[in-house]
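Q: Going left to right, the sequence shown walks through residues 1 to 152 as UniProt numbering numbers them. Backbone N, C-alpha and C define an ideal beta-carbon position, used for all residues, glycine too.
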Amino acid sequence: MSDTTIISKTTSDNPDFISLISALDKSLWERYPELKADYWGNNILELNPNVVIVYSDNKAVACGCFKKYDKDTIEIKRMFVLPEFRGMGLAQTILRELECWAKDLGYSVSVLETLYKQKEAIALYQKAGFQIVDNYEPYVGLKNSICMRKQI
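(1) Within the same chain, show all residues whose beta-carbon is closer than 6 Å to that of PHE80, passing over the 5 residues directly before and after it, in chain order.
(2) Hey, quick one: how far does the alpha helix (DSSP H) through GLU137 stretch, first residue to last?
(3) Distance, Cα to Cα, ILE76 vs ALA60?
(4) DSSP puts PHE17 in a beta bridge; with which residues?
(5) Enumerated in chain order, which unbroken segments of the alpha helix (DSSP H) with a length of 4 residues or greater are wholly contained in the UniProt domain "N-acetyltransferase" (4-152)?
(6) Taking just the CA atoms, how far does LYS143 sit from GLY87?
(7) Is it buried or exposed for ARG78, if we count other Cβ within 10 angstroms and need 16 for buried?
(8) Distance check for LYS117 and ALA102, CA to CA, integer angstroms please.
(9) Buried or exposed for ALA123, please, with buried defined as at least 16 other CB atoms from any protein chain shown within 10 angstroms of its CB.
(10) Only counting the same chain, and skipping five residues up and downstream in sequence, which positions put a Cβ closer than 6 Å to that of PHE130?
(11) Which residues in the same chain as ASN14 place their Cβ atom closer than 7 Å to its Cβ, once the five residues preceding and following it in sequence are excluded?
(12) With a cut-off of 8 Å on the beta carbons, I'd call LEU115 and ILE146 a contact; round off their distance for me.
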């Protein structure tokens, strides 16, 4: 991490978040071109008040957000770190920020979905305490999805 690393809580309207999500989508469709039809409907950027962005030297380099899944549960979404900033612990930092924020809002459970080729992401989430569970809606029946859950 840089000497000037800043963690910012913001919303999905933030232009830096929109730019990072564009890079995330591009990387996903390059890695999984065959899945675009199955997953594109789940890939809508909704208005979200719970976004975290990490800045390094004033450049947005990583992001994540959560949305309400049910009264006790949040769903982690849109986790992404620019390739040149991976391996620096930024994803763990974002996860911790999101979980603390959700806990402050009264949530006690966190779920997420990732794709089977995302070995690094799966390892990251398991290291953070997530366990693989049966797929939840809207991922039931999607064999390429890996769903995970943890108490926060």
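A: This is what the structure holds:
(1) Counting only Cβ-Cβ distances below 6 Å, and skipping sequence neighbours, we find LEU20, LEU24 and CYS63.
(2) First-last for GLU137: undefined, no H or E at that position.
(3) Distance from the CA atom of ILE76 to the CA atom of ALA60, rounded to whole angstroms, is 19 Å.
(4) PHE17 pairs with nothing; no bridge assigned.
(5) With a minimum length of 4 residues, the continuous alpha helix (DSSP H) runs that stay inside the UniProt domain "N-acetyltransferase" (4-152) are 15-31, 36-39, 90-104 and 119-127.
(6) A straight line joining the alpha-carbon of GLY87 with that of LYS143 spans about 28 Å.
(7) Counting the other CB atoms within 10 Å of its CB gives ARG78 a total of 16 or more, which places it among the buried residues.
(8) About 28 Å.
(9) Result: exposed.
(10) These residues qualify, in order along the chain: MET148 and LYS150.
(11) Around ASN14: VAL51 and ILE53.
(12) Indeed, because the Cβ distance is near 7 Å, the residues count as touching under 8 Å.
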